[in-house]
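For reference, the structure is listed below as structure tokens.
In the numbering used here, the protein residues as written are 36 to 302.
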């Protein structure tokens, strides 16, 4: 019950950010494009696809449902910005500051987030398929129910991150820091966890079937109900494993991912 309440709180906590259906301020858009500075601006739903915004100051800006596909946001300051339901497909966001930003339900497919700071960011139900988050900081980030298939998380810091029911099938987490991460119900099928640190992580009901676990640190990990290849191991005081045919493994049933707007273009 404690975990269920925690999951509900973390999923709902930043909903005050969402402002669907409200228009941007044209003067704010012009200010951003002219000066590359627009902290706290109203940019909701603005079309900024392909915009050159490297190093832009968008601190606490409201970009809810904005169209930012293929935009250049390298090293931009998006700390505490609202990017709820924004389309950032293919955007360049390397080294961007997204600390404590709201990216709930955002489209980040194939986005370049290398070395980005996403500490304490809210990414629940975001679409990060094939995104590059190598060496990114995701400390205490909320990644619950995210779509991260084939994403690159090499060397990423996911310490104490919340990845409840996230899909990381075939993701590359080589050398990633997952100390004390909440991975309950997550899908790591065929993921590469070589050299990753999972000390004290929670993997209850997690699927790590066919995952690469060479040199992976699993000290103190909670494995209850976790699928380990053809076996399911339930750890209480000891380790008890049974064939998967004898006990049905929990099915991973993700929700539908982000659907881009009609005016979006393919990558």
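For each residue, glycine too, the CB sits at the ideal point set by N, CA and C. As the structure is a prediction and not an experimental result, all values here were calculated from the model.
DSSP, reduced to helix, strand and coil, places residue 63 within a helical segment of the structure shown. For the options 105, 140, 180, the alpha carbon positioned closest to that of residue 124 is the one of 105.
With fewer than 16 neighbouring CB atoms inside 10 Å of its own CB, residue 254 falls in the exposed class. Just measuring C-alpha positions, the residue of 183, 91, 197, 249 sitting nearest residue 173 is 197. In this model, residue 153 and residue 260 are separated by some 30 Å (Cα to Cα). As the crow flies, the alpha-carbon of residue 187 is around 18 Å from that of residue 156. Cβ-Cβ distances below 8 Å link residue 161 to 138, 139, 140, 141, 142, 143, 178, 181, 182, 293 in the same chain, with the five nearest sequence neighbours on each side left out; the list follows chain order. Closest in C-alpha terms to residue 93, from the list 99, 74, 109, 84, comes 74.
Under a 10 Å Cβ-count criterion, residue 58 is classified as exposed, with fewer than 16 other Cβ atoms of the shown protein chains found around its own Cβ. In the three-state scheme derived from DSSP, where H, G and I count as helix and E and B as strand, residue 241 is classed as coil. Proximity to residue 257 across 246, 236, 121, 248 peaks at 236, based on C-alpha coordinates. Residues of the same chain with a CB within less than 8 Å of the CB of residue 159, apart from the 5 flanking positions on each side, are 45, 46, 139, 140, 177, 178, 179, 180, 181 in chain order. Nearest in C-alpha terms to residue 171, of all of 111, 247, 66, 147, is 147.
Within the same chain, and ignoring the five residues on either side of residue 193 in sequence, the residues whose Cβ sits closer than 7 Å to its Cβ are 173, 211, 212, 213, 216.
Assignment of residue 70 by DSSP, reduced to helix, strand and coil, places it in the helix class.
Per DSSP, the beta bridge partners of residue 87 are 107.
For the 9 Å CB-CB criterion, residue 98 and residue 68 do not form a contact. Look at residue 187 here: in three-state DSSP terms it is strand.
For residue 118, the three-state secondary structure derived from DSSP is coil.
By the beta-carbon neighbour count (other beta carbons within 10 angstroms, threshold 16), residue 200 is buried.
Between residue 132 and residue 111, the C-beta spacing is below 9 Å. Beta bridge pairing from DSSP links residue 127 with 107, 147. Of all alpha-carbon atoms in 191, 239, 232, the one lying nearest the alpha-carbon of residue 248 is that of 232.
Beta-bridge analysis with DSSP links residue 232 to 212, 252. Shown here, residue 223 sits in coil according to DSSP, grouped into three states, outside any helix or strand.
The beta-carbon distance between residue 219 and residue 206, rounded to whole angstroms, is 17 Å. This is too long to meet the 8 Å contact definition. Contact between residue 108 and residue 126 holds: their C-beta atoms lie close to 6 Å from each other, under 8 Å. A Cβ-Cβ distance of about 15 Å is found for the pair residue 151 and residue 121, leaving them out of contact under the 8 Å criterion.
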